[in-house]
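Contents: one structure, followed by commentary.
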Amino acid sequence: MKIVYINKYFFPMERHSGILNFAYDLCNSLAQKFHLEVVSWKYSKDARKEESFANYKVRRVKAPFRLKSICLTKYLKPDLIILGSGIKYPELLLLVTLFVKLLCPSVPLIVYQHNIPNFTIIPLTCFFNKICAGFWFSNPFIEEQIVKRVYRKAVYVPVGIDPVRLEKIPAKKVKDSIRIGYFGHLNKLKGVDRLIKAFLKLDFEDCELFIAGTGSLMREIKELVAERENVSIYGYCNEVVSYIKSCDILVFPYREATTILGLSLSCLEGMTLGKPIIASNNISLIPLVKHNYNGFIFNEEEELSNYLRVLINDVEKRKIMGKRSKEISRKYSISNITMQINKMIEEVISERRD
C-alpha cells in the first residue's frame with residue numbers, strides 16, 4: 004500500500020523545530036511497513052528536489068507549498084494521504100483539506116494536527132466529519148474540544164522519538180561546570196528572555212547558561228549578557244542532540260503553546276537522554292514534566308530562579324530526576340507511536356474496502 008505523507012518541514016532543513024526530528028523518526032518507522040513517499044518544501048535553492056532515505060523517497064516542491072504539494076500528491080497516486088498540519092486556524096485547514104479532496108476525491112485522507120490549533124472559530128469544523136477518514140492530534144489536554152468540535156473519531160497520537168538514534172550521538176565536550184541548556188527559537192513566545200533574567204539573578208561561578216537558536220530576540224539577549232562570561236549564545240546548531248547531551252539541566256520557559264508541537268520534542272529529547280527538566284506551566288510541557296518528580300514546573304520568574312538554584316546545588320537530585328525523565332520518556336518511543344499509527348491506518352483501509 005502506498006502512503007503519501009505531506010509535511011512542510013523535513014530533515015535536513017536547518018531549522019530549530021521539533022517537527023523535523025519527529026517527522027524523520029516517524030517516516031523511518033512507517034517505511035518499514037508501507038510504501039512511503041514524503042512531500043515536503045524545497046526550502047532553499049540548494050535543497051534537493053528528490054532525495055532517497057532508508058526505505059522511502061522525499062520529494063520537495065517550491066512555494067506555494069500547499070498548492071504544489073497537493074498537486075504532486077495527486078500525481079503520485081497514493082492509496083492513503085496523511086496531511087501533517089501545523090496550521091493554527093481551522094478555517095484555513097479546512098480549505099487545504101477540501102483542496103486535497105478536490106484533487107484526490109477517492110483517496111482516504113487523515114489529518115495529523117501536529118501543533119495545538121486555535122478552535123475559537125467552530126462552525127466550519129463540522130465539515131471535517133464529511134471529508135476526513137481520520138483526525139489525529141498530538142496533545143492530550145485538547146482531546147475534549149477536538150472530539151466535540153472537530154471529528155467524532157478523533158484520536159490522540161502523541162509525538163514520538165527514537166531513543167536508539169539519540170543514544171548513538173556523542174556528547175559535546177564542555178568545561179568542568181554545570182551547564183544549563185535552552186534549545187529553540189529566540190522569541191517572546193518561547194520565553195528565552197525569562198530564562199536569561201532568572202539566570203542573571205543567580206551567582207554561581209561554576210555554571211554556564213548555554214542558549215542555542217535563532218530568532219528576533221538574538222540582538223536583545225546578546226546585549227543583555229554582553230558582560231557575562233558564563234552565558235554562551237549560539238545560532239543554529241547542526242548537532243543539537245550532542246549539545247543537549249552535554250547539559251546538566253534543561254529549561255523550557257515557553258509563554259504560549261500554539262507554535263509548538265502538541266508536546267515539546269526538545270523536552271522529550273532531553274528526557275530520553277536522562278535530563279532533569281524545568282518547564283513553564285504550559286500544556287505542551289506539563290504532560291511530560293511531573294512537578295518535583297522529574298523536574299519542576301514554574302509560573303513566575305522568581306520560581307524559575309529558585310528551581311535553578313535547587314538543581315545547581317543538588318547533584319543527587321539532578322541524577323534522580325534525570326533517571327525519572329528517562330523512565331517517563333519510554334512510552335513516547337517512536338516504535339510505540341508507530342505501532343498505534345499502523346493499526347489505525349489498517350483500520351482506515353479495511354473500512355474503505357468494506
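The sequence shown maps to residues 4 to 357 in the numbering used here.
All C-beta atoms, glycine included, are put in the ideal place defined by N, C-alpha and C.
ask   = Do H38 and G87 have their C-beta atoms within less than 8 angstroms of each other?
value = No, the Cβ-Cβ distance between H38 and G87 is not below 8 angstroms.
request  = Per DSSP, which residues does Y159 bridge with? Please list them.
outcome  = Y159 pairs with F140.
request  = Measure the CB-CB distance between M221 and L169 and report whether it falls below 8 angstroms.
outcome  = In this structure, L169 does not lie closer than 8 angstroms to M221 by Cβ.
message = Taking the beta strand (DSSP E) that K60 belongs to, which residues open and close that run?
response = That run of the beta strand (DSSP E) goes 60 to 64.
query = Secondary structure at G298, three-state DSSP: helix, strand or coil?
reply = Residue state, collapsed to three classes: strand.
task = Please state whether DSSP places Y27 in a helix, a strand or coil.
result = Helix, per DSSP.
inquiry  = Mapping the DSSP letters down to three states, classify L39 as helix, strand or coil.
reply    = In the structure shown, L39 sits in a strand (DSSP, three-state: E or B).
request  = Report all residues from its chain with a CB closer than 8 angstroms to the CB of L106; omit the five preceding and five following residues, and keep chain order.
outcome  = Excluding positions up to five away in sequence, the list reads I73, C74, T76, K77.
Neighbour-count burial assignment, Y185, 16 or more Cβ in a 10 Å radius = By the 10 Å Cβ count, Y185 comes out buried.
Helix, strand or coil at Y257 [DSSP, three-state] = DSSP places Y257 in coil when its eight states are reduced to three.
task = Put C210 into one of helix, strand or coil per three-state DSSP.
result = Residue state, collapsed to three classes: strand.
task = Return the Cβ separation of I145 and K104 in integer angstroms, given the expectation that the two are a contact with Cβ distance under 8 angstroms.
result = Between K104 and I145 the Cβ distance is about 24 angstroms, and since that is not below 8 angstroms, they are no contact.
ask   = Is there at least one non-hydrogen atom of the ligand PLP closer than 7 angstroms to the beta-carbon of S269?
value = Of ligands this structure carries none, so the ligand PLP is not represented either.
inquiry  = Can you list, in chain order, the residues of its chain with a C-beta nearer than 6 angstroms to that of S25? Leave out the 5 residues immediately preceding and following it.
reply    = Note on residue identity: the sequence assigns Phe, not Ser, to residue 25. Apart from the 5 residues on each side of it in sequence, F25 sits with its Cβ closer than 6 angstroms to the Cβ of V162, L268 in its chain, given in chain order.
key: Cβ neighbour criterion (16 or more within 10 Å) applied to E350   = Answer is exposed; the Cβ neighbour count stays below 16.
request  = Could you have a look at N10 and say whether DSSP puts it in helix, strand or coil?
outcome  = Here N10 sits in coil by DSSP.
request  = Assign M324 to buried or exposed, taking buried as 16 or more other Cβ atoms, counted over all protein chains shown, within 10 Å of its Cβ.
outcome  = M324 sits buried, since 16 or more C-beta atoms from the chains shown fall within 10 Å of its C-beta.
ask   = Does the beta-carbon distance from I172 to K248 come in below 8 angstroms?
value = Against a cut-off of 8 angstroms, the Cβ pair of K248 and I172 comes out as a contact.
request  = State buried or exposed for P166, treating a residue as buried only when at least 16 other CB atoms are found within 10 Å of its CB.
outcome  = Answer is buried; the Cβ neighbour count reaches 16.
ask   = To which residues of the same chain is I352 closer than 8 angstroms at the C-beta, ignoring the five residues directly before and after it?
value = Only M4, D82, L83, P111 meet the Cβ criterion.
key: Backbone CA spacing between M342 and Y159 [nearest angstrom]   = Rounded to whole angstroms, M342 to Y159 spans 14 angstroms at the Cα level.
task = Flag this pair as yes or no: are the beta carbons of I164 and E272 separated by less than 8 angstroms?
result = In this structure, I164 lies near E272, with their beta-carbon atoms less than 8 angstroms apart.
query = When DSSP labels each residue in this structure, what does L205 get in the three-state scheme?
reply = Residue state, collapsed to three classes: coil.
request  = Could you name the residues of the same chain whose beta carbon sits closer than 7 angstroms to that of R18, not counting the 5 residues immediately before and after it, in chain order?
outcome  = Residues of the same chain with a CB within less than 7 angstroms of the CB of R18, apart from the 5 flanking positions on each side, are Y12 in chain order.
task = Assuming G194 and P256 form a contact by the criterion Cβ under 8 angstroms, report the distance between their Cβ atoms to the nearest whole angstrom.
result = Between P256 and G194 the Cβ distance is about 4 angstroms, and since that is below 8 angstroms, they are a contact.
task = Measure the alpha-carbon distance for L266 versus P108 and round it to whole angstroms.
result = So the two alpha carbons sit approximately 32 angstroms from each other.
request  = Apply the 10 Å Cβ neighbour rule to G187 and answer buried if 16 or more other Cβ atoms are within range, or exposed otherwise.
outcome  = By the neighbour-count rule (16 or more Cβ atoms within 10 Å), G187 is buried.
query = For F186, which beta-bridge partners are listed by DSSP?
reply = The bridge partners DSSP lists for F186 are A215.
request  = Keeping to the same chain, check which residues put their C-beta closer than 6 angstroms to that of L212; ignore five residues upstream and five downstream.
outcome  = Same-chain partners within the cutoff: I183, F202, V234.
message = On the DSSP bridge list, what partners appear for S332?
response = DSSP, once it has assigned bridges, lists no residue as partnering S332.
query = Looking only at DSSP bridge pairs, what is N241 linked to?
reply = For N241, DSSP records no beta bridge to any residue.
ask   = Can you tell which of K320, E208, R62, V42 has the C-alpha that lies nearest to the C-alpha of I252?
value = It is K320 whose Cα lies nearest to the Cα of I252.
query = Expressed to the nearest angstrom, what Euclidean distance is found between the alpha-carbon atoms of E359 and K200?
reply = Residue 359 cannot be examined here, being either before or after the span of the chain that is shown, 4 to 357.
key: E242 versus C250: straight-line alpha-carbon distance, rounded   = Spanning the two alpha carbons is a distance of roughly 14 angstroms.
query = Can the beta-carbon of I181 be found less than 8 angstroms from the beta-carbon of D209?
reply = Contact flag set, yes.
inquiry  = Please state whether the Cβ-Cβ distance between D196 and I236 is less than 8 angstroms.
reply    = The answer is no: Cβ separation not under 8 angstroms.
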